[in-house]
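In what follows, a single structure is set out as structure tokens and then discussed.
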Amino acid sequence: MKSKKGITALISEYFIFVIFIALIIVLTILKPSFITPRNLANILKQASINGILAFGMMFVIISGGFDMSVGSTVAFTGILAALLGQGQYPLILPLIVALAGGLAVGILNGTGIAIGNLPPFIMTLGTQTAVRGLALLISNGKPITGISEGYRAIAAGSLLGVPNLAWFLIVVIIVSTFVATKTVYGRRVYACGGNVQAAKVAGINTNFIKISTFAIAGFLAGLCGFLMTSRVTIGQPTAAESYELDAITACVVGGVSMSGGVGKPWGVVVGTLLITAIANGLDILGVSSHWQKIVKGLIIVLAVLMDVKGKGKKE
Amino acid sequence: MKAKKMISVMTGALLSAALIAGSASAASMENGVLRAGEGKGEGYKIALLQQHQTNAFQIAVSEAAEAAAEELGVELTLLSADQDAATQISQIEQCAIEGYDAILFEPVDPDALGDAAKAAADEGVIVINIISACTNWEDYGIAALSCGDNVTAGETEMKEVAELIGGKGNIAILTGPSGDSGGLQRLEGYENVLADYPDIKQVVEPADCQWDTASAQATVESWLSAYDLDAIVAENDGMAVGAGNAAGADSGIVITGVDGTPDGFEAIKDGRITGTVSQNGGEMAANGLNAAVILLNGEELESNTLITTNTWIDAENVADYE
Chain R
0 MKSKKGITAL ISEYFIFVIF IALIIVLTIL KPSFITPRNL ANILKQASIN GILAFGMMFV
60 IISGGFDMSV GSTVAFTGIL AALLGQGQYP LILPLIVALA GGLAVGILNG TGIAIGNLPP
120 FIMTLGTQTA VRGLALLISN GKPITGISEG YRAIAAGSLL GVPNLAWFLI VVIIVSTFVA
180 TKTVYGRRVY ACGGNVQAAK VAGINTNFIK ISTFAIAGFL AGLCGFLMTS RVTIGQPTAA
240 ESYELDAITA CVVGGVSMSG GVGKPWGVVV GTLLITAIAN GLDILGVSSH WQKIVKGLII
300 VLAVLMDVKG KGKKE
Chain L
0 MKAKKMISVM TGALLSAALI AGSASAASME NGVLRAGEGK GEGYKIALLQ QHQTNAFQIA
60 VSEAAEAAAE ELGVELTLLS ADQDAATQIS QIEQCAIEGY DAILFEPVDP DALGDAAKAA
120 ADEGVIVINI ISACTNWEDY GIAALSCGDN VTAGETEMKE VAELIGGKGN IAILTGPSGD
180 SGGLQRLEGY ENVLADYPDI KQVVEPADCQ WDTASAQATV ESWLSAYDLD AIVAENDGMA
240 VGAGNAAGAD SGIVITGVDG TPDGFEAIKD GRITGTVSQN GGEMAANGLN AAVILLNGEE
300 LESNTLITTN TWIDAENVAD YE
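For the protein sequence lines, the chains are R and L, in the order given.
For reference, each letter of the first sequence is one residue, going 0 to 314 in numbering that gives the first Met the number 0.
For reference, each letter of the second sequence is one residue, going 0 to 321 in numbering that gives the first Met the number 0.
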């Protein structure tokens, strides 16, 4: 009896993972080429940028916030990196500038929310618009071409059979998981999102926690800007439109609660892979775009619904 | 820069041609270009309202309009509606109040701008529709339409593809946002050509990649792991570049786009994409501006529909267009 109960608890705890495995099996049956090493490498590549953004978003949402500006920040920092990545400087410069640009947007968001007491949605909606404008302004609305061969090779290459982009994601996953689950800082982020008042009373500097989570999201968006330009080989001011929504989707599907305080890093990994595998699978099945939108929407809602139901029963 | 020079050389040639022809007859187009003549627009105030100013195509429109205005001596104001029909309606109303002699506009929506255009035309402003047509534009007092032909652009692109793959093979199509009228017209052009080639097969449904490079790149990566494609036909250059990145340089797959933007040219030069159809957006604006000046001077247009020509650009002639 006891072991049976243990298994049900285990399944409901890892329900989203079960759904993910089921999806992989169904897609493989429908189209065996889904499971080829080449396509699995594709899925990793396609998951990387959204996955990195989702980890930034995870910290923000767990701390009780919300960031609408990361897509614009990717475009803005991508333009900066494209301008500096024409081969005139070593590649470390565009990387540092992109990271710094993203960090600056994040700190601005966090400061407005923590110190200025603005609702996160309003503050980051403002920066979403303004930062997109900045990207258009410095690029004069045109795609920036001419990035160097070395810069292109970053996203195009692979190491030990795994695409370079995926290595960036793997590093982000490892570091973020460690920070979220094994450090005092991580526990404070959860505490802050769980109950701000209680966290304050407990002596946590909640303003610092809020600002720093937005700074992490901005910093990772800067990394994505750098990688995005390498991947598409141009700096596009209109790139990464609505990527914040994809990042939020990955978090929510992965079990991060929109009300803060709850969420596990492995859930975000599964959430990211799940939505990437859906898009990839529907593409290789040759499903029309209209249907893809419907199927994607349904799967997201169903996955979360089943997850919530499963957990509800447990309690 | 070269393209600008070419335009001014061409203008010079056409100007002399026009002088020889004399000014008594109605102004007509030559090779898709209409010119009123240098300095003919002195003293006129004209506004040009763009859909938005956020891509290479639109920037080419702004730059060509500014160059044409300088040549004509027109005082030009450029405004962007940022893809919002309500903004564009207010802009038309405002320009009519502020006494502009002519308003050129690229409608954000084919059906939303008619009444605003009519109101301005009723106040005596010359209203010219550029780039994409309003539905039944002639019913709204619009004096002329200056545009390219998206159906023809699609046909030009697909014909080149069909020839390059020898009239048979597997192809896939990347489209703009579902429901975008320009995209649908290009698709219609593709279908017109495909009707003549029963051996060319679309192995997947056309994919809506929102004009976006990254999105097209992901879709094509996925396709290439499951299908053998001979050609990938994209409705704009941005998506063609994404397909080219997924396939790699000199992949042996024919990859084409439409627009003739700098990212497309770069990819043509390094072999990631095969070619593109230039829509000459700048020419559409320049023709519209010249048409406005001709009408303001009390002259007539031979035809009030001004269509620019499409050009196929590939590795052989790409250097002429940069």
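Beta carbons: idealized from backbone N, C-alpha and C, even for Gly.
Quick caveat: nothing in here was measured; it's all calculated off a predicted structure.
Looking at C-alpha atoms only, which residue of the options is the closest neighbour of residue i?
{"i": "residue 35 of chain L", "options": "L/316, L/287 and L/222", "result": "L/287"}
{"i": "residue 159 of chain R", "options": "R/32, R/301, R/6 and R/36", "result": "R/36"}
{"i": "residue 23 of chain R", "options": "R/117, R/275, R/286 and R/296", "result": "R/275"}
{"i": "residue 71 of chain R", "options": "R/205, R/105 and R/258", "result": "R/105"}
{"i": "residue 125 of chain L", "options": "L/87, L/159, L/46 and L/264", "result": "L/46"}
{"i": "residue 98 of chain L", "options": "L/114, L/121, L/111 and L/81", "result": "L/121"}
{"i": "residue 214 of chain L", "options": "R/96, R/162, R/78 and R/239", "result": "R/239"}
{"i": "residue 127 of chain R", "options": "R/148, R/101 and R/115", "result": "R/101"}
{"i": "residue 129 of chain R", "options": "R/113, R/108 and R/80", "result": "R/108"}
{"i": "residue 62 of chain L", "options": "R/38, R/60, R/99 and R/139", "result": "R/139"}
{"i": "residue 318 of chain L", "options": "L/144, L/263 and L/305", "result": "L/263"}
{"i": "residue 56 of chain R", "options": "R/217, R/280 and R/225", "result": "R/217"}
{"i": "residue 109 of chain L", "options": "L/136, L/223, L/227 and L/206", "result": "L/136"}
{"i": "residue 188 of chain R", "options": "R/31, R/213, R/98 and R/266", "result": "R/213"}
{"i": "residue 224 of chain R", "options": "R/287, R/120, R/99 and R/33", "result": "R/99"}
{"i": "residue 255 of chain L", "options": "L/308, L/172, L/217 and L/190", "result": "L/172"}
{"i": "residue 43 of chain L", "options": "L/76, L/145, L/204 and L/261", "result": "L/76"}
{"i": "residue 177 of chain L", "options": "R/292, R/42 and R/47", "result": "R/292"}
{"i": "residue 116 of chain R", "options": "R/103, R/64, R/80 and R/132", "result": "R/64"}
{"i": "residue 140 of chain L", "options": "L/269, L/296 and L/103", "result": "L/103"}
{"i": "residue 68 of chain L", "options": "L/290, L/223, L/309 and L/300", "result": "L/290"}
{"i": "residue 242 of chain R", "options": "R/54, R/44, R/49 and R/28", "result": "R/49"}
{"i": "residue 150 of chain L", "options": "L/105, L/115 and L/234", "result": "L/234"}
{"i": "residue 202 of chain L", "options": "L/184, L/229, L/90 and L/186", "result": "L/229"}
{"i": "residue 84 of chain L", "options": "L/49, L/129 and L/53", "result": "L/49"}
{"i": "residue 336 of chain L", "options": "L/179, L/269, L/184 and L/160", "result": "Residue 336 of chain L lies beyond the range of chain L shown here (0 to 321); nothing can be said about it."}
{"i": "residue 147 of chain R", "options": "L/189, L/269 and L/253", "result": "L/269"}
{"i": "residue 226 of chain R", "options": "R/164, R/294 and R/281", "result": "R/164"}
{"i": "residue 259 of chain L", "options": "L/55, L/138, L/79 and L/29", "result": "L/55"}
Report the partner residues of residue i according to the DSSP bridge assignment.
{"i": "residue 276 of chain L", "result": "L/257 and L/311"}
{"i": "residue 182 of chain R", "result": "In DSSP, residue 182 of chain R forms no bridge with anything."}
{"i": "residue 220 of chain L", "result": "In DSSP, residue 220 of chain L forms no bridge with anything."}
{"i": "residue 203 of chain R", "result": "Per DSSP, none; premise fails for residue 203 of chain R."}
{"i": "residue 352 of chain L", "result": "Because chain L in this structure spans residues 0 to 321, residue 352 of chain L falls outside the shown range and cannot be described."}
{"i": "residue 26 of chain L", "result": "L/300"}
{"i": "residue 201 of chain L", "result": "L/170"}
{"i": "residue 48 of chain L", "result": "L/78 and L/104"}
{"i": "residue 306 of chain L", "result": "L/146"}
{"i": "residue 206 of chain L", "result": "L/173"}
{"i": "residue 234 of chain R", "result": "R/143"}
{"i": "residue 60 of chain L", "result": "Paired residues: none, contrary to the question."}
{"i": "residue 32 of chain L", "result": "L/29"}
Give the C-beta separation of residue i and residue j to the nearest angstrom, bearing in mind that I take them to be a contact with Cβ-Cβ under 8 Å.
{"i": "residue 220 of chain L", "j": "residue 245 of chain L", "result": "4 Å"}
{"i": "residue 280 of chain L", "j": "residue 143 of chain L", "result": "Rounded, the Cβ-Cβ distance is 17 Å, inconsistent with contact."}
{"i": "residue 207 of chain L", "j": "residue 32 of chain R", "result": "Not a contact, Cβ separation roughly 22 Å."}
{"i": "residue 52 of chain R", "j": "residue 220 of chain R", "result": "6 Å"}
{"i": "residue 181 of chain L", "j": "residue 131 of chain L", "result": "6 Å"}
{"i": "residue 113 of chain L", "j": "residue 133 of chain L", "result": "6 Å"}
{"i": "residue 236 of chain R", "j": "residue 74 of chain R", "result": "6 Å"}
{"i": "residue 81 of chain L", "j": "residue 51 of chain L", "result": "5 Å"}
{"i": "residue 47 of chain R", "j": "residue 168 of chain R", "result": "4 Å"}
{"i": "residue 71 of chain L", "j": "residue 38 of chain L", "result": "7 Å"}
{"i": "residue 88 of chain L", "j": "residue 115 of chain L", "result": "4 Å"}
{"i": "residue 113 of chain R", "j": "residue 210 of chain R", "result": "5 Å"}
{"i": "residue 293 of chain L", "j": "residue 300 of chain L", "result": "6 Å"}
query = Do three or more CB pairs link the region 142-156 of chain L to the region 262-278 of chain L at distances below 8 Å?
reply = Segments in contact, yes.
Uninterrupted alpha helix (DSSP H) stretches inside the region 129-175 of chain R (no shorter than 4 residues) = Along the length of the region 129-175 of chain R, whole alpha helix (DSSP H) runs at least 4 residues long occupy 148-155, reported in chain order.
task = Could you say if the region 229-237 of chain R and the region 146-158 of chain R meet the contact criterion of at least three C-beta pairs nearer than 8 Å?
result = A contact exists between the region 229-237 of chain R and the region 146-158 of chain R.
request  = Decide if the region 134-146 of chain R is in contact with the region 81-91 of chain R; the criterion is three or more beta carbon pairs, one per stretch, under 8 Å apart.
outcome  = Three or more beta-carbon pairs separated by less than 8 Å link the region 134-146 of chain R to the region 81-91 of chain R, which places the two stretches in contact.
inquiry  = My parser needs the alpha helix (DSSP H) runs of 4 or more residues fully inside the region 56-126 of chain R; what are they?
reply    = Counting only runs that start and end inside the region 56-126 of chain R, the alpha helix (DSSP H) elements of at least 4 residues fall at 69-83 and 91-113.
inquiry  = Suppose only complete runs of 3+ residues qualify. What are the beta strand (DSSP E) ranges in the region 65-150 of chain L, listed by chain order?
reply    = DSSP runs (the beta strand (DSSP E)) wholly in the region 65-150 of chain L: 74-79, 101-104, 125-130 and 143-146.
Three CB pairs or more closer than 8 Å across the region 230-242 of chain L and the region 52-66 of chain R = With a cut-off of 8 Å, the region 52-66 of chain R and the region 230-242 of chain L do not count as touching, because too few Cβ pairs lie within range.
key: Completely contained alpha helix (DSSP H) runs for the region 165-199 of chain L, where each covers 4 or more residues   = Fully enclosed alpha helix (DSSP H) runs of 4 or longer: 180-193.
query = With a cut-off of 8 Å, do at least 3 Cβ pairs link the region 91-100 of chain R to the region 37-45 of chain R?
reply = Too few Cβ pairs lie closer than 8 Å, so no.
key: the region 297-315 of chain L contacting the region 188-208 of chain L, beta-carbon criterion three pairs below 8 Å   = With a cut-off of 8 Å on Cβ pairs, the region 297-315 of chain L is not in contact with the region 188-208 of chain L, counting fewer than three such pairs.
ask   = Touching or not, the region 114-126 of chain R and the region 193-200 of chain R, by the rule of three or more beta carbon pairs under 8 Å?
value = As far as the Cβ criterion goes, the region 114-126 of chain R does not touch the region 193-200 of chain R, which means the pair count is below three.
task = Flag this pair as touching only if the region 265-283 of chain R and the region 249-257 of chain R have three or more C-beta atom pairs under 8 Å; answer yes or no.
result = Because the criterion of three Cβ pairs below 8 Å is met, the region 265-283 of chain R and the region 249-257 of chain R touch.
key: Residue ranges of each alpha helix (DSSP H) within the region 235-262 of chain R, 4 or longer   = Taking only runs of at least 4 residues, the alpha helix (DSSP H) segments lying wholly in the region 235-262 of chain R are 242-252.
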